[in-house]
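Residue numbers (the numbering used here), protein chains in the order written: chain A, 7 to 341; chain B, 3 to 195; chain C, 40 to 480; chain D, 45 to 275; chain E, 185 to 408. Cβ atoms here follow ideal geometry from the backbone N, Cα and C, with glycine treated the same way. Computed from a predicted structure; not experimentally measured.
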Amino acid sequence: MSAPSLLVSASPHLGAGDSTPTIMWNVVASLLPIVAVAAWFFGPSALLVTAAATAAAVATERVLGHRGTLGDGSAVITGLLLGLTLPAGLPLWMAVVGGVFGIAIGKLLFGGLGQNVFNPALLGRAFLQASFPVAMTTWPVPAAAGTWWALRGDNFAFPFTSPRVVDALTSASPLGRMKFEQQPTALLDLVLGTTTGSLGETSGLLILLCGGYLALRNYLNWRIPASIFATVAVLAGGLHQLDPRYPGALFMLFSGGLMLGAMYMATDLVTSPVTNRGCWVFGAGVGLLVVVIRIWGGLAEGVMYAILIMNALVPYLNRWTQPRVFGARPVEPAT
Amino acid sequence: MMSDLTWIFVSSMVVNNFTLMLFLGLCPFLGVSGKIDTALRMGAANTFVLLITAMAVWALNTFVLPYAPYLRLIAFIIVIASLVQIVEMVIKKLSPALFRALGIYLPLITTNCAILALAIFQTNRSYTFLQGLVFALGSGAGLALALVLMASIRESVELADVPAVAKGTALVLMIAGSLSLAFMGFAGLLSSS
Amino acid sequence: MWRHLKFRHGVHPPTLKELTAGVPIRRVPYPDEIVLPLRQHTGKPARLVVKAGDRVERGDPVAEADGYVSTPIHASAAGTVREIGLWPHPDGSYAQAVRITVDPYSPQAARPRLVPDWSRLGPADLIEAIRQAGVVGLGGAAFPTHVKLAPPKDVRIDTILVNGCECEPYLTTDHRTMVEYPERVHLGLRIMMRCLGVSRAVVGIERNKPDALEAIRAAVPKDLDVSVHDLEVKYPQGAEKMLIKSLLGREVPSGKLPLHVGVVVQNVASAATIAEVFDTGLPLIERIVTVTGRGVRRPANLIVPVGMKLRDLLEACGGLTEDAREVVFGGPMMGLAQAHLDTPLVKGTTGVVVLSAAEVRPQVSYPCIRCGHCLDACPVFLNPQLLGQLAQKERWDEMEANHLADCMLCGCCGYTCPSNIPLPQLFALAKGALRQRQAAA
Amino acid sequence: MAELSCHASMMTTSKDAPPREDLAKGLWRQNPVLVHLLGLCPTLAVTNSVANSVVMGVATFFVLVGSSFLVSTVRRWIPNEIRIASYILIIATFVTVAEFGLQALVPDIYKALGPFVALIVVNCIILGRQEAFAGRNPVGRSVLDAVGMGAGFMLALLIMGSVREVLGSGTFLSVSLFGPRYEPWVIFVLPPGGFFTLAFVLLAVAWHKQRQTARARARATDEAVLVERVA
Amino acid sequence: MTDGAATGVAAQTPEPLPEPAAVRPSSLLVTLGAGGAVAGVLLVIAFGLTLPRIEANRAHALHLAVNEVLKAPARYDTLYVVGGALTKTPPPGVDPKKLEQVYLGFGPDGRAVGFAVGAAEPGFQDTIRLIFGYDPRNRKLLGMKVLESKETPGLGDKIEKDRAFVSQFDGAQPPLAGVKGKRAKPTDVAMITGATISSRTVIRTINNALGRLGPLLEAYRTEN
C-alpha cells in the first residue's frame, strides 16, 4: 500500500458546512430582490445609488483592508445595505462618502471583519444624515411622476456641490406625514411599498420574505426581529389605545426603515449579541428606542439611531446574558 | 412643572449629554473607561459630586453672589474643590476598596470641567433648587451612561486587531464620535408636543 | 421519572454509520509485528517487565501497573520481544513501546490459566481481577476501570449508567457489540453492580440503533433492575455529563466527577470486556474496532489485537482509496488525526475513520463574525466565541475566569463554526499552558 | 490619556537646556494637545469655527502666560502645602479677568463659547504648567515655557477650527471659500464631527510619528551594516 | 487637590473641615488670605473697568432686537410684569433684573406701536430663545427674531437665518398655526421643510407667551 500524503488536522474533522463566505453571499443574494424592487419603484436612480455605495465600500475594503478580505462578501453587504437606506435622488458622491466612511471608520479601523462595534452601513448612513441633512431627507415620489427611466433627483451633482431639488417630485415620508401632519398612509401601500422613503424601506412584505429566508437558513438570529416586532407592536398598540392620535402597531411596523432595520441591520451577526437571551434584550431595546424616538423624539424615524445605540450596548449585553455554565449551580436531582 | 423637570432630566442625560454632545468630563471619559466596573463607580462618584455642587451653587447664587458677581468663578472653584475633598475623605473612610479603585481619579473630579460647567449652566439658566437637582441628576446619569457605554466597547475592542496607528486615543475618539452620532437620534426628545 | 431524556445544546452531525452498521464483527488475521506502547490509559504509564529477546505468550504481561491509577499491559500475540524504544504514539508524540515479532507458527492459543469463577468472588477480589486484566474504559478516554469501580468510601453510588450512545459519526463498535453480544454486556453489568453494591442500572442507547435497543432489551436478566432507554440522536449524547443529565436529570457540578452525583458511567464495550475477562480468563488484549470512512475500501467491524499497526489494519480492509485524505483514530468529532501508518492501535482506539478529500474540513479559516452558533452548540454553556478570542491573544487567566476548565473538548463549537476557527485546538492549547504554569508554580 | 492629564509632571526640560528649547518644545514636539492629549474639552468644544478657536486660544494663552508669570514671581513666598490652592486662585483670577475682557470686547463670540471661557480655569494644561514648570523655575524661563505651550495650544485649536469650519461651513473666518454651490458637511460643526476631526488629526500625527520611527530604524540599520562592512 | 486646598476653603467658606496636618496653619491662612485679598482687588478693578462696556453691549444687543421686531420705534420703555399686571416702576426692594420684562415701543408721533416680548421653549437640540413684536390693538405680530438657538446648521437654524420664514411673522395673526407648503390664512405660518420641530417651537413659543401675557398687554394699553 502506497503511503498517501496524509492531512493531520485538529479535531473536529468534520464541519457543519456553512462557511462565512457562504453566509455572506447568501445575504447578498437575499438583498438583490429588494434592490430590484427599489429599481422598479424608483427607476435607474435606485440602481445608481446602490451601485455607488457598494462600489465605494468594496473599493475602500480593497485599498485599506487586508489582502483577500474581499472574497468574504461582507463589504458588498455593507454597500448594498447602505445603498438601500438612502433616498433615490441622493447625489452619487454622497453615497460614495457614506460607503467610504462606513467601511474605513466603521469597520477597518476596528480591525476589519468581525471586530467592529457599530453596524458599518448604519454608521455610514448616520454620518451622511448628520453631514447632509437636507439631501438625506428629500424623498422622491416613486413611480408616479415622469417615466420610469427618469432620474429621481440630482444623482449626478458634481462632487462637493449641493443637489438641485425639484420640489414637485418630492414628498414627506409616511412617518413624517403621520408625525407632523397626522396624516396616515394606507397600510396596503406600506406593505407593498408604493410610498416614498429610502430605497429599501418601501416594501415591508418583500423584506419580510427575504429576511425570512435567511432566518430559515439560520443565517440570522430570528429572535432579534421577533423581539423588535413584538416590542414595537405592544408599545405602539398600547399607546394607540391610550391616545388614538398615536399611530397604530401595524403602521409602526410597516413604515419607515423598521422592516429593513429589524431584518438586516439589527441582525448583523458581528454587531448583535452572541447569546440568544442577549438577542431578545437587544431586540427589545431597539423596539423601545424606535417607539420612543418616533413618538416623543424630534425625528420622524429612529430605527437607525436605535440600532446604533443598542450596538454600543452589545458587549455589555454579551457579558450580562452569558448562560450559566453547565454544573455551575447544579439542579436538584429528580428522583 | 413636572414636564419641565422631565425635560431637564432627559435633555441633560441624552439630548445634550455632557460628554457626547458638550465635550464635558472628557478626562474620565477617556481615562477611566477601560473597565465597566470602574466606569460605573466613576459615574456614581461624579453624580454624587454633581448633586452636591448643584446644592452648593444654588446656595451661593441665592445668598452670596448677588453681592459680589466678580467672585463667581473663584467661589465656585473653591467650594467645589473643598466639597470634593470632603467626598474623598468620606469615601476613604466608608469604602477603602472604592477609594483604591478610583485611586487618583477622585481628585481629578475637582478639575473635571463637568462639575464647574454644571455650576455655570445652572447659574446662566437661573434654575430653581429643584431644577438644579434634577439637572445634576440628569447630567450625572448622562456621564455615567457615556462612561459605561465607552467602557463596554473598549473591553471588547481590546481583543480586536486595531491598526497600530489607530491604537489608543484616536480609536477611543472615533468610538466617542460614533456614540455621539448615535445620540443625535435623541435630538428633540420630549420637546415636540 | 424519565421525563428528561435530553440535554440542551449540542449538534447534529450526519451519523454516517450505514457503512458498517450492518457488518458483523469478524476477526482480523494476526500481523507480523505488534507494538505495545506503555501508555495506553489515563494515568501513569505501565512499568516494563520484559526485555528485548524475551519470548512472550498471548496474554503474558509485558508491563505492570505503576501505581493505583495505572494498568498492566499484556502481549496480544505470542512472539519475541524485538526491541523496546520510542515509537509513534496515537496522540502524535513518540513514546516508549514494546515491539513484538509475532511468531508466525504459534496457534495463538491462550496459556491455560486458573480463572476464578466470578460468582464466588466478593467486590474486592472482582476489582483486583479486573485490575490485573488491564481493563480500561473502551469508550475512548481509557480510564482504568478498577478505579471507577472503587469509589471513595464517603460517596454513595446509587446507579450505574451504561453508555450505548456512540454519538460520534461513523463508529459502530458499540452498536455491533450490543447487537451481537447483548448477554456479555449484561454479564459485565452484573459484575460491576456487584463491585459497587448497586442495585439499579440504566442503559442509554441512541434512537438510531433500533436493533441494538431490541437486542439489549430482550437480553435484560429477570433478576436485575436494569432499564433501557432510547435517547435523542445528538452529539455529544455519549459524554458522561450529558448522559447523566439525559437519563437522570442530574447535573454534575462544575469541576466534579459523576460519582459526586452518585453515578458511575461505563461504556457497553467495557462491560462486554469485563464479561469476557471472566469468561475466557484472558486480560484485555484485543478489542472491537470499526474501520470505516469513504477513504477505506472495505469498511468493517473487526476484533483487533491491541498493538496492531494502522498499516496492517488498513491492508486487512483492502487499503486506502485514491481520495483518502486523513486517517483518524476515534470518531471524526474528537478523534486524533494520524501522521504515521506505523502507529499502533491502543486499548482506547474505538475506530479508525479514513476521511476522503471531499469531507475533510477546509484548512482556511476566516475572522470570527460573532454569529453565536458556537454558543448554541456548546453542551456546557460556555462562550467559545469569547474564549477563542482570548486564546488568540494568549490571555489564559481570563480564559480560566470564563470557565475554560469546564470545556470537555467535545468539538461542537469547532464543528459548527462557519469561520472554521480551530476552537477545540485553541482550548486544548490553553488548557496545556495553564497546566504547565500550575505545575511550575 | 487622563493618567497624564493633570498630573503633568512630564514635559520638563533639563536645567541647562537653551531658552530656545523652553519656547519651542510646546509648539510641536511636546504639544500639549496633539502629543500629551491635555485640554481636550475646549479643543473639541469650541473649534466649530476659526474665530471661536482663535478667541479661545488667545484667552487661554493670556491666562497661561499671566499665571506662569505670577506664579514664578511669587513662588518663593508660597508654602508648599497650599501651593495648588494658590495656583488655582491665581488662575481663576486671570480667567475672570479674561471673561470680563471677552464679554466687553467680543460679546458675540463670548456668547458662542458658552461656559468654556470660565472652564479655562480647569484646563489641565494651565495647572499642569504651574505645577511642573512655573512653580520651580525663574520668571524668564517660565514665561517662555508658557508662551510656547500657549502657542502650541493655539496651534492645535487653529488646526481643529480650520478643518471644521472649512469642511463644515465651506468658509474660513466666515469668508466663503468654494462658492454658493458647495455643500457643507454639517457634521463637522456638530459634536460628532469634533470627535472625528480630533481623531483624524491624531491619526495623522501617529502616522507621521510611525513613519519617522521607521525611517530612523532604517537609518540605524544602514549605519550598522556600514560599520560592519568597514570592520 | 492636595490638603492645602482644604485649608484655603476653611478660610473662606463656612463648611466644617477637618484640619489637615499642616505646618503652622496660621501662616498658611495668612498667605492665602493675603492672596485672596489681592485677587479680590484685582477682580474688582477688572470688573469696574469692563462693566460699563459689558452693560453697553447688552443694551445694544437688546436695542437691536427690539428695533428689529418693533420695526425701528422712536423709543421704547421697559415694563415689568408684577402681580399679573404691567408696571413701569418695579416695586421697591425687588431686583428689577429678576422680573420678567416687556418693552413698549413708541412711534415718532409718540403713539405706542406695540410690545416686544421675549420668550423661550425647548427646541430640537436645546432651548430656543426669541423675541417678538406684538400689537395688541389689532392683535397682530410685528416681527420675530431668534436670539439664541442650537438648531441643526442648514436645517433647523433656518428659523433665524431664512428670511422667508422669519418675514412671515410680520403681520401674522396669533394664535398661529404651522402649515406645510403655502400659507393661506393670516394665522398660518409655513414651516421649514425638514425642520418641523424647530418651526413648531417658534410658533408654540409665541402662542404660549401670548396666551400668558396677551391679556396683560391688552389691559395695559386700555389703561393708558
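C-alpha gap between residue i and residue j, whole angstroms
i                      : j                      : result
residue 331 of chain C : residue 369 of chain C : 11 Å
residue 401 of chain E : residue 44 of chain A  : 57 Å
residue 314 of chain C : residue 134 of chain C : 31 Å
residue 206 of chain E : residue 220 of chain E : Residue confidence is low: residue 206 of chain E scores 47 on pLDDT, short of 50, so the model does not pin down where it sits. No coordinate-derived value is stated.
residue 51 of chain A  : residue 196 of chain A : 21 Å
residue 5 of chain B   : residue 28 of chain A  : 52 Å
residue 168 of chain A : residue 35 of chain B  : 40 Å
residue 269 of chain C : residue 58 of chain C  : 22 Å
residue 20 of chain B  : residue 149 of chain B : 11 Å
residue 326 of chain A : residue 182 of chain B : 24 Å
Interface partners of residue i on chain C, CB under 7 Å
i                     : result
residue 26 of chain A : 405, 408, 457 and 458
is_contact[residue i, chain B] using C-beta, thresh 7 Å
i                      : result
residue 302 of chain A : yes
residue 88 of chain A  : no
Proximity test, Cβ basis, 7 Å: residue i and chain E
i                      : result
residue 52 of chain D  : The predicted position of residue 52 of chain D is uncertain, since its pLDDT is 42 and thus under 50; no value can be drawn from it.
residue 239 of chain D : no
residue 186 of chain A : yes
residue 161 of chain D : no
residue 143 of chain A : yes
Contacts that residue i makes with chain A (C-beta to C-beta distance below 7 Å)
i                      : result
residue 227 of chain D : 138, 166, 167 and 168
residue 381 of chain E : 304
residue 193 of chain B : 304
Residues bridged to residue i [DSSP beta-bridge criterion]
i                      : result
residue 348 of chain E : Residue 348 of chain E is not bridged to any residue.
residue 80 of chain B  : For residue 80 of chain B, which the question treats as bridged, DSSP gives no partner whatsoever.
residue 86 of chain C  : C/103
residue 287 of chain E : E/262 and E/300
Within chain D, the residues that residue i reaches when beta carbons sit closer than 9 Å
i                      : result
residue 152 of chain B : Those within 9 Å of residue 152 of chain B in chain D number zero; the least Cβ separation is about 11 Å.
Contact list for residue i against chain B, beta-carbon separation under 8 Å
i                      : result
residue 152 of chain E : This structure cannot settle anything about residue 152 of chain E, because the visible part of chain E is limited to 185 through 408.
Integer Cβ distance of residue i from residue j, believed to fall under 8 Å
i                      : j                      : result
residue 383 of chain C : residue 348 of chain C : 5 Å
residue 243 of chain C : residue 202 of chain C : 6 Å
residue 204 of chain D : residue 97 of chain D  : 7 Å
residue 130 of chain A : residue 112 of chain A : 6 Å
residue 140 of chain A : residue 83 of chain A  : Contact doesn't hold; Cβ gap of about 28 Å is too wide.
residue 324 of chain A : residue 292 of chain A : Wrong, their Cβ atoms sit about 16 Å apart, outside the cutoff.
Interface residues of chain D facing residue i [CB-CB closer than 7 Å]
i                      : result
residue 133 of chain A : 231
residue 227 of chain B : Because chain B is modelled from 3 through 195, residue 227 of chain B falls outside the range shown and cannot be assessed.
Min CB distance residue i to chain A below 7 Å
i                      : result
residue 281 of chain D : Outside the displayed range of chain D (45 to 275) lies residue 281 of chain D, so it cannot be described from this structure.
residue 205 of chain E : A caution first: residue 205 of chain E carries a pLDDT of 47, below 50, which makes its placement in the model unreliable, though a value can still be read off. So, not an interface residue.
residue 217 of chain E : no
residue 158 of chain B : yes
Neighbouring residues, chain B, relative to residue i (Cβ below 9 Å)
i                      : result
residue 280 of chain A : Under the 9 Å cutoff, chain B gives no residues; its nearest Cβ is about 11 Å from residue 280 of chain A.
Interface partners of residue i on chain D, CB under 8 Å
i                      : result
residue 241 of chain E : 147, 148 and 151
Chain C contact for residue i (CB, 7 Å cutoff)
i                      : result
residue 161 of chain B : yes
residue 182 of chain B : no
residue 29 of chain A  : yes
7 Å Cβ cut-off: residues of chain B touching residue i
i                      : result
residue 428 of chain C : 161
Residue-chain proximity (residue i, chain D), Cβ-Cβ < 7 Å
i                      : result
residue 257 of chain E : no
Within-7 Å CB hit, residue i to chain F
i                     : result
residue 72 of chain A : Judged by its chain identifiers, the structure shown contains no chain F, and its protein chains are A, B, C, D and E.
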